Amino acid sequence: MLTASRQPVGSPSHREQTSMQTHCCPTLTGCAFDAQNLISISLRKIQSSRTQRGGIKLHKNLLVTYVLRNARQFYMSKNSLQTQRTPPYEDAAAVHRRQEYIELTGSFTELADDFYCNFTGTESDTWHCGAHQSSAQPSELAHQDASACAMASPSDSELMVSEACWSCTDKSSWELPILNAQANQKTVLDLDTHVVTTVTNGYFHSDCCAQPKQPQAGAQCYTRKRKMDTSYYIVDPEFYLPDFVPCKRMRSEDDDDDNDDDGDDLQSDSGQLDSANISNLISVLGSGGLSEFVSWQQMDLEQIFGTQTICLKHTLLAGSGWTRAIEAF
Amino acid sequence: MLSPIQVLCSDITTLSLEPEPFASYTEADIISTVEFNHTGELLATGDKGGRVVIFQREPESKSEPFSQGEYNVYSTFQSHEPEFDYLKSLEIEEKINKIRWLPQQNAAHFLLSTNDKTIKLWKVSERDKRPEGYNLKDEEGRIKDISTVTSLQVPVLKPMDLMVEVSPRRVFANAHTYHINSISVNSDYETYMSADDLRINLWHLDITDRSFNIVDIKPANMEDLTEVITAAEFHPLHCNLFVYSSSKGTLRLCDMREAALCDKHSKLFEEPEDPSARSFFSEIISSVSDVKFSHSGRYLLTRDYLTAKVWDLNMESKPLETYQVHDYLRSKLCSLYENDCIFDKFECAWNGSDSVIMTGAYNNFFRMFDRNTKRDVTLEASRESSKPRAVLKPRRVCAAGGKRRKDDISVDSLDFTKKILHTAWHPNENIIAIAATNNLYIFQDKLNSEMH
Chain A
1 MLTASRQPVG SPSHREQTSM QTHCCPTLTG CAFDAQNLIS ISLRKIQSSR TQRGGIKLHK
61 NLLVTYVLRN ARQFYMSKNS LQTQRTPPYE DAAAVHRRQE YIELTGSFTE LADDFYCNFT
121 GTESDTWHCG AHQSSAQPSE LAHQDASACA MASPSDSELM VSEACWSCTD KSSWELPILN
181 AQANQKTVLD LDTHVVTTVT NGYFHSDCCA QPKQPQAGAQ CYTRKRKMDT SYYIVDPEFY
241 LPDFVPCKRM RSEDDDDDND DDGDDLQSDS GQLDSANISN LISVLGSGGL SEFVSWQQMD
301 LEQIFGTQTI CLKHTLLAGS GWTRAIEAF
Chain B
330 MLSPIQVLCS DITTLSLEPE PFASYTEADI ISTVEFNHTG ELLATGDKGG RVVIFQREPE
390 SKSEPFSQGE YNVYSTFQSH EPEFDYLKSL EIEEKINKIR WLPQQNAAHF LLSTNDKTIK
450 LWKVSERDKR PEGYNLKDEE GRIKDISTVT SLQVPVLKPM DLMVEVSPRR VFANAHTYHI
510 NSISVNSDYE TYMSADDLRI NLWHLDITDR SFNIVDIKPA NMEDLTEVIT AAEFHPLHCN
570 LFVYSSSKGT LRLCDMREAA LCDKHSKLFE EPEDPSARSF FSEIISSVSD VKFSHSGRYL
630 LTRDYLTAKV WDLNMESKPL ETYQVHDYLR SKLCSLYEND CIFDKFECAW NGSDSVIMTG
690 AYNNFFRMFD RNTKRDVTLE ASRESSKPRA VLKPRRVCAA GGKRRKDDIS VDSLDFTKKI
750 LHTAWHPNEN IIAIAATNNL YIFQDKLNSE MH
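Here it is in structure tokens:
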């Protein structure tokens with residue numbers, strides 16, 4: 001029974017964003033953060049969380065993505081207001097830059113997927129676009145999840161660009177046959193101790209599996225079949241895996257501190273999806289085109305990347321923020 | 330006023346006895362949980378190294394009046410070891426996240442301890458007698474030559490030095506995909522629940538190979554994930570009720586009689602957010618780090634990053650009382666985010682009569698709020714200020730540049746590496762246990778030793 005619910009958190013207006021910024025960062029010694037810095041710090045936290053002992057902390061990373069979202073909203077609104085003041089002949093360029101920035105946001109989703117998604121290496125799941133309403137009002141933006149993709153430009157709905165959003169499909173596609181015939185139980189065999197534990201759910205799996213997310217009206221939708229080479233596989237650096245999945249690791253080492261070759265670093269991360277996430281970020285951050293990483297991928301993945309690559313290969317927003325992000329990253 | 334009866338240090342530290350500003354200790358010594366048992370006679374602590382240390386209160390004796398009520402080490406054992414999940418290529422930390430005592434039903438004591446993945450039931454029993462006078466073996470246990478046995482004797486129990494034995498009785502494993510953050514024993518004394526980020530499982534204490542999932546907030550599409558479970562607890566009196574808190578600052582009271590899967594809450598406790606107070610970190614500071622039922626079962630105590638709130642179970646729209654723990658940090662959230670302090674999870678505690686609440690803060694400060702008089706006090710747990718039988722001096726934090734009295738400390742001088750995350754209050758008396766990194770402090774209010 002729902003009673004009083006939280007007031008919808010409206011996307012802050014420009015004034016509120018400004019006040020948020022100053023409220024958050026008054027002139028304290030050593031604290032000269034702005035949204036761009038917060039974004040780079042947050043990305044650094046997410047990256048470092050992959051290697052920390054005990055696995056990725058879901059709670060902490062969820063909170064970090066909220067900060068990312070808030071900083072991004074603020075940055076976007078600041079940018080859009082600046083755009084509005086520019087002369088008309090600059091509109092196309094500014095708009096294009098905004099497009100690129102919007103493309104960037106897909107990588108946050110992919111980061112989230114990196115945490116939460118889970119692939120068995122079997123034949124594909126469908127990718128679908130999680131693009132949001134192009135006419136989303138600022139107040140609706142705030143309802144989006146921290147991992148929501150494609151932040152709509154609050155001022156120019158026509159330029160909403162949808163993205164291929166790599167998301168998990170419903171569970172059933174990678175639900176493994178379980179020992180127990182009942183559909184509402186999960187049985188785990190501990191390979192070390194040979195202990196069998198059964199967790200009984202209060203519902204049936206078929207009831208809880210949602211349909212793949214439907215694309216929002218007015219948004220383009222990319223739906224592709226992704227063919228996975230079973231010799232590659234994705235190991236979720238997060239800890240969730242279906243039971244009894246004998247996933248091989250792509251690399252034996254999880255971490256590679258060698259930053260000289262970002263490509264190697266990326267490939268050493270577990271999973272094609274993971275490397276794609278980072279490669280998206282890196283290419284956006286300007287450390288080289290996506291193509292050098294794409295060439296290491298499967299052919300079909302290249303095609304899929306293609307659409308995004310075109311956008312991502314462009315130079316960054318003329319913002320020093322992303323340059324700073326490179327330094328931090 | 331609180332007066333310490335004893336200042337205890339964990340005996341596994343390498344801390345020098347002199348008060349040095351930077352004493353060295355290993356990370357394994359950091360205390361990660363503190364819990365009194367139901368009578369207050371025993372106090373258990375868990376640390377990052379997977380060890381559990383149990384303290385026992387000495388009975389008061391007239392011959393040594395100054396040592397009455399002191400807590401001494403009763404037993405130490407290794408509860409959890411680091412593990413490696415080969416399937417997922419993940420290391421499982423041995424850090425003890427929570428300890429919960431079972432109500433005592435016989436001479437032995439039982440406690441549950443958990444790390445990120447596995448819960449264990451431990452039996453703590455005393456042995457102060459041993460059988461002597463066996464026929465077939467001698468005192469050292471060697472088998473006797475049967476030809477030397479000329480007569481039979483009945484073995485008798487003879488007193489021996491007290492020995493505390495700890496043995497694992499149950500291991501509840503492989504039921505949690507995410508990190509376990511809470512365990513709570515039901516008032517039926519038969520079941521308990523364990524909560525991780527997305528699910529809560531119900532166990533029977535005697536059955537280790539099966540558990541029931543009673544809450545599952547994992548969305549079908551993980552892109553839709555917006556909140557995680559941060560803490561959960563059973564109602565102290567009603568075995569069908571439990572509450573769990575979320576990272577969004579909400580509390581959900583669930584009734585297990587309503588459905589097998591309690592995804593649908595019975596009551597939702599949520600305070601509307603003030604839009605004018607919105608910041609980049611609003612979501613982080615509203616995340617509830619701890620939730621505790623009052624002993625009466627009528628109220629809930631929650632802790633988020635800056636405040637502690639008391640909720641009435643009959644009022645879902647807003648908390649009954651809100652206490653600012655360290656509001657001076659509100660302007661420092663940026664730097665606290667950068668150094669990760671903003672993610673610290675402070676616990677909270679009720680006193681036995683539910684009239685005072687306590688929670689920790691930074692700089693080894695902890696705070697108490699009297700709900701009736703509305704008075705509050707800030708105290709410090711440190712070696713320097715906590716000589717045995719000394720009286721703790723109230724502390725004050727002043728804003729930077731503000732008026733400063735003697736002994737006040739400025740916000741900018743706070744040591745954010747010294748944090749009191751774990752506190753516990755004796756169930757019946759005014760005795761508190763404070764975990765300050767690798768040290769355990771126990772304080773008692775001698776003037777007001779009885780609860781009221």
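Residue numbers (my numbering), protein chains in the order written: chain A, 1 to 329; chain B, 330 to 781. Just so you know, even glycine gets a beta-carbon here, dropped at the ideal spot from N, CA and C. Since the structure is predicted, the reported quantities are computational estimates derived from the model, not experimental observations.
Query                                                                                                                                                                  : Result
In chain order, what residues of the same chain have a beta carbon less than 8 Å from the beta carbon of B/V740, not counting five sequence neighbours either side?    : Y657, L658, K661, V726, C727, A728, A729
Using only CA atoms, which one of B/E389, B/S404, B/K417 lies nearest to A/I56?                                                                                        : B/K417
Indicate the three-state DSSP secondary structure (helix, strand or coil) for B/Y770 in the structure shown.                                                           : strand
Counting only Cβ-Cβ distances shorter than 8 Å, please list the residues of the segment 54 to 73 of chain A near chain B, keeping chain order.                         : G54, G55, K57, L58, H59, K60, L62, L63, Y66, V67, N70, A71
Quick check: the segment 431 to 443 of chain B against the segment 472 to 491 of chain B, are there 3 or more CB pairs under 8 Å?                                      : no
Roughly how many angstroms separate the alpha carbons of B/K458 and B/E364, rounded to a whole number?                                                                 : 29 Å
Looking only at C-alpha atoms, which of B/L580, B/L570, B/E600 sits nearest to B/E587?                                                                                 : B/L570
Provide the residue span of the alpha helix (DSSP H) that contains B/S611, from first to last.                                                                         : 611 to 615
Restricting to Cα atoms, I'd like to know which of A/V199, A/V195, A/T193, A/H194 is closest to A/N184.                                                                : A/V199
Against B/Y573, what residues of chain A qualify as contacts under a CB-to-CB distance less than 9 Å, listed in chain order?                                           : Under the 9 Å cutoff, chain A gives no residues; its nearest Cβ is about 13 Å from B/Y573.
Using a Cβ-Cβ distance under 8 Å, would A/I41 count as near chain B?                                                                                                   : yes
Have a look at the DSSP bridge pairing and note the partners of B/Y507.                                                                                                : Its beta-bridge partners do not exist; DSSP assigns none.
Taking only runs that begin and end inside the segment 495 to 566 of chain B, name each unbroken beta strand (DSSP E) of 3 or more residues, in chain order.           : 511 to 514, 520 to 524, 528 to 533, 536 to 545, 558 to 563
Please check if any C-beta of chain B sits within less than 8 Å of the C-beta of A/T51.                                                                                : no
Would you say B/A524 faces chain A, with C-beta separation under 8 Å as the test?                                                                                      : no
Here's the rule: buried if 16 or more other CB atoms are within 10 angstroms of the residue's CB, otherwise exposed. What is B/F598?                                   : buried
Taking only beta-carbon atoms, is B/N569 less than 8 Å away from chain A?                                                                                              : no
Residues in its own chain within less than 6 Å of B/A504 by CB, not counting five upstream and five downstream?                                                        : N530, S540
Where do the ends of the beta strand (DSSP E) carrying B/C677 lie?                                                                                                     : 677 to 679
Check each residue of the segment 364 to 388 of chain B: if its Cβ is closer than 9 Å to any Cβ of chain A, include it; give the result in chain order.                : none
I'd like the span of the beta strand (DSSP E) that includes B/A765, first residue to last.                                                                             : 760 to 765
Report the CB separation of B/I546 from B/N426 in whole angstroms; it is logged as a contact under 8 Å.                                                                : No, B/I546 and B/N426 are not in contact; Cβ-Cβ is about 19 Å, not under 8 Å.
Given this structure, state the Cα-to-Cα distance separating B/K473 from B/D467, to the nearest angstrom.                                                              : 6 Å
Using a Cβ-Cβ distance cut-off of 8 Å, determine whether B/D517 contacts chain A.                                                                                      : no
For B/R429, collect the residues of the same chain with a Cβ closer than 6 Å to its Cβ; drop the 5 residues on either side in sequence, then sort them by chain order. : L441, I512, V514
Which residue wins for smallest C-alpha separation from B/F622, given the options B/W640, B/T368, B/C583?                                                              : B/W640
Please report the residue range of the alpha helix (DSSP H) in which B/Y663 lies.                                                                                      : The question names Tyr, but residue 663 of chain B is Cys in the sequence shown. Looking at the DSSP string, the run of the alpha helix (DSSP H) that includes B/C663 is 662 to 667.
Just checking: is the beta-carbon of B/S332 within a distance shorter than 8 Å of some beta-carbon in chain A?                                                         : Note on B/S332: pLDDT 41, under 50, position unreliable in the model; no value is reported.
CB B/D526 to CB B/I558, shorter than 8 Å?                                                                                                                              : yes
Determine, for A/N201, whether the minimum Cβ-Cβ distance to residues of chain B falls below 8 Å.                                                                      : yes
Within a Cβ cutoff of 7 Å, which residues of the same chain sit near B/E519, ignoring the five residues on either side of it in sequence?                              : H533, L534
Is B/F745 helix, strand or coil when you go by DSSP?                                                                                                                   : coil
Could you check where the alpha helix (DSSP H) with B/I421 kicks off and where it finishes?                                                                            : Element bounds for B/I421: not the alpha helix (DSSP H) but the beta strand (DSSP E), 419 to 421.
Anything in chain A within Cβ reach of B/D535, meaning under 7 Å, just list it in chain order.                                                                         : Here the premise fails: no neighbours, minimum Cβ distance about 14 Å.
Could you work out which residues of chain B lie near A/T341, taking near to mean beta carbons separated by less than 7 Å?                                             : The requested residue 341 of chain A is not part of the displayed model; chain A covers only 1 to 329.
Assign A/Y240 to one of three DSSP states: helix, strand, or coil.                                                                                                     : Confidence at A/Y240 is low in this model, with a pLDDT of 40, below 50, so its placement is unreliable and the value that follows should be read with caution. Residue state, collapsed to three classes: coil.
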